[in-house]
Each structure stands twice: as structure tokens, then as C-alpha cells.
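The block underneath contains the structure these notes are about, expressed in C-alpha cells.
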Amino acid sequence: MKCPRCGSENVNVQITNETYLKKQHHGLLWWLCIGWWWIPTKWLLFTIPALIFALFGRKKQKVVNKQVKTAVCQGCGYSWNM
Ligand SMILES: [Zn+2]
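Under our numbering, the first residue of the sequence shown carries the number 5, and numbering increases by one thereafter.
Here's what the structure looks like:
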């Protein structure tokens, strides 16, 4: 593998773990303020998108672990994601 910046073959590959939270579920305040009228309105106006929303909206928050390979050039110090 070559460095895209200087063309050196002296490249180290590191594997890092990135942990992040998946899209959060609507909170209690959202339901009190918006959810109770917004959901029925949405059902009336966009039945099919609301059905899809309901299916995906019920999924609980999930922690996703993603392995990221990072290459670091030993020659110039340039790093990039693979
Ligand atoms: Zn380089």
C-alpha cells in the first residue's frame, strides 16, 4: 500500500474501535408536546410513511461498534481511513 501524499510504502495500519449511539428514540417531552397530535395527524395524512415510521421508531437505542482501519504513513505522517 502506498501513501497517497508522498508515495512511500512505509505505511502502518491501525484498527480503532468507534463507538457511537444510534439515532435516539423520542423522549417523553416529545410525546407530551408533539407526539400525541402529530402521530394521528401523520397517520391521516401519510398512512404509509407513518407505518414505516412506527416500525422503525420502535427500535430501541443501540450501541454500534464500528471498526475503522486507519493507515498512517511513516514517511510524512499523513493518515487516512481505509
Ligand atoms: Zn506519506
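C-beta: ideal position from N, C-alpha, C; glycine also.
Reference residue i, options the options, closest by Cα
i	options	result
G11	K73, C77, A58	C77
V68	L59, C37, T23, M5	T23
N14	G39, G79, S83, N85	G79
Cβ neighbours of residue i in the same chain (closer than 8 Å, five flanking residues each side left out)
i	result
K46	P53, A54, F57
For residue i, the three-state DSSP class (helix, strand or coil)
i	result
C37	helix
K3	An answer regarding residue 3 cannot be provided, because it is not within the stretch 5 to 86 covered by the chain.
Residues near residue i by beta carbon distance below 7 Å, same chain, minus five either side
i	result
Q71	I19, N21
Per-residue burial, residue i [other beta carbons within 10 Å of its own, 16 or more giving buried]
i	result
C7	buried
Limits of the unbroken beta strand (DSSP E) element including residue i
i	result
N85	83-85
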